[in-house]
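The next block holds one structure in the form of structure tokens; read it before the comments.
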Ligand code: SF4
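Residue numbers (my numbering): 11 to 442.
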């Protein structure tokens with residue numbers, strides 16, 4: 011029986027208990043959230059090493075880091091190092107987005123290395139295999155797509171990203187919109203290419219019940235992605251994007267009726283003044299399903315700094331109600347991220363998530379900041395460094411940019427505001 015079905019029957023599972031303990035809420039709160047579809051707990055029956063987490067309304071905002079084999083020079087060992095770096099930096103989930111090479115082994119390595127939920131985009135592999143087998147991905151048989159989806163589920167993948175709502179109608183709408191960057195979703199563009207070449211409706215939409223059957227069998231959470239994800243600010247919230255979101259709302263309802271947990275993957279690029287509207291629209295059309303946003307990126311011109319661009323977008327999205335942030339690295343739009351850029355991407359996304367949680371009024375987030383404020387006032391460096399979101403980096407800077415002659419830091423030296431306050435205004439040390 012799937013986790014959603016159990017929640018609907020009033021059963022509190024060990025996974026719900028675990029999430030409740032992590033989030034400091036009652037197990038019944040989690041059960042009700044799962045039953046209503048506002049919370050998902052991605053945990054495939056076959057992913058033995060997983061420590062379940064909850065994603066959704068009323069819970070800490072989570073972040074996901076993506077790794078994978080891209081191009082001819084991709085090496086599994088290098089990607090495994092990125093996984094370890096992302097986990098050390100505090101990612102809550104991982105996505106293996108491999109498009110080439112030994113995709114099966116990469117996925118198994120990811121699942122074995124991770125106690126966090128793992129997501130994949132199986133159509134990437136179906137495209138790659140069809141390309142090798144037939145010389146062109148458009149010659150792929152729809153059955154082969156479903157075989158790869160089930161292969162990923164059987165291996166233990168916890169959430170599957172699928173473009174089930176990218177229908178022929180949506181494609182027709184996109185043609186009329188006069189987009190600047192018509193399609194930027196890798197899975198979406200190949201799927202649409204296949205649909206047009208074969209003059210067929212999207213099999214993932216036409217045979218959605220089959221997708222649900224696989225998801226239910228392995229307790230996989232669906233992460234339905236938008237093929238019409240805008241790739242530049244000018245295309246944000248156009249008719250094609252909104253039409254696909256309407257269909258996604260329909261598929262959310264059918265997934266819940268079928269006992270399958272579901273979240274929605276969203277944009278992408280959008281201007282800052284579209285963030286609240288985009289999240290509100292998703293929440294309304296998809297009946298409160300958790301929103302997994304890619305960034306979003308608030309400007310198109312931040313190449314080299316898109317992790318900062320995405321962190322601003324992620325913080326505002328989280329404030330507006332998004333619950334899951336897909337990280338963006340400084341290499342976005344330019345190349346494959348290095349190990350260090352993976353770390354920077356995770357930290358930037360975690361700052362965004364935390365800022366969103368503060369704005370959402372999450373008690374634990376406020377307590378963390380309050381403790382840091384007290385440690386600053388008390389010039390308690392040990393505690394400040396412990397509380398820093400990235401203690402390692404904070405320690406490095408403290409060590410290399412200070413002489414160690416003062417209890418203050420090198421910034422204001424003997425004019426340290428904290429020391430002056432302690433000496434002349436209030437000598438009481440605070441603790442919380
Ligand atoms: S010296 Fe300035 S920056 Fe450093 S701790 Fe004191 S007030 Fe803060």
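Note that CB positions come from ideal geometry on N, CA and C, so glycine has one too. Bear in mind that the values here come from a model prediction, so they are computed numbers and not experimental data.
- Taking a 10 Å sphere around the C-beta of residue 288, we find 16 or more other C-beta atoms and assign the residue as buried.
- Not a single heavy atom of the ligand SF4 lies less than 7 Å from the C-beta of residue 363.
- Judged by beta-carbon spacing, residue 65 lies beyond the 8 Å limit of residue 306, meaning their Cβ atoms are not closer than that value.
- In this structure, residue 168 sits away from residue 115, with a CB-CB distance that is not shorter than 8 Å.
- Taken through DSSP and simplified to helix, strand or coil, residue 149 comes out as helix.
- Shortest Cα-Cα distance from residue 363 to any of 327, 103, 162, 351 involves 327.
- Scanning the segment 336–399 from its first residue to its last, the whole alpha helix (DSSP H) runs of 4-plus residues come out as 349–370, 373–387, 391–397.
- Closer than 7 Å to some heavy atom of the ligand SF4: that describes the Cβ of residue 421.
- Pairing residue 170 with residue 163 gives a Cβ-Cβ distance under 8 Å.
- In the same chain as residue 315, and ignoring 5 residues on each side of it, the C-beta atoms closer than 8 Å to its own belong to 340, in chain order.
- For residue 73, there is no enclosing alpha helix (DSSP H); the residue is part of the beta strand (DSSP E) that begins and ends at 72–77.
- Less than 8 Å divides the Cβ of residue 359 from the Cβ of residue 324.
- DSSP, read as helix, strand or coil, puts residue 215 in helix.
- Looking at 406, 405, 389, the one whose alpha-carbon comes closest to that of residue 431 is 389.
- In the DSSP assignment, the residues bridged to residue 106 are 77, 130.
- With contacts defined by Cβ atoms closer than 8 Å, residue 125 and residue 84 do not form a contacting pair.
- Annotation for residue 149: 140 place their beta carbon closer than 7 Å to its own, counting only its chain and skipping 5 residues before and after.
- The beta carbon of residue 186 sits closer than 7 Å to none of the beta carbons in its chain outside the five residues before and after it.
- Scanning its chain for C-beta atoms nearer than 6 Å, with the 5 sequence neighbours on each side dropped, one finds around residue 336 the residues 74, 304, in chain order.
- In the DSSP assignment, residue 272 forms a beta bridge with 232.
- The straight-line gap separating the alpha-carbon atoms of residue 254 and residue 29 is approximately 32 Å.
- Taking a contact to require three or more Cβ pairs closer than 8 Å, the segment 376–385 and the segment 344–353 do not qualify as touching.
- With a cutoff of 7 Å, residue 428 counts as near the ligand SF4, since its C-beta is closer than that to a heavy atom of the ligand.
- If you check the CB distance, residue 269 and residue 12 come in under 8 Å.
- Sorting 59, 132, 321, 47 by C-alpha distance to the C-alpha of residue 196 places 132 at the top.
- Take residue 282, set aside five residues on each side of it, and the residues of its chain with a beta-carbon closer than 6 Å to its own are 308, in chain order.
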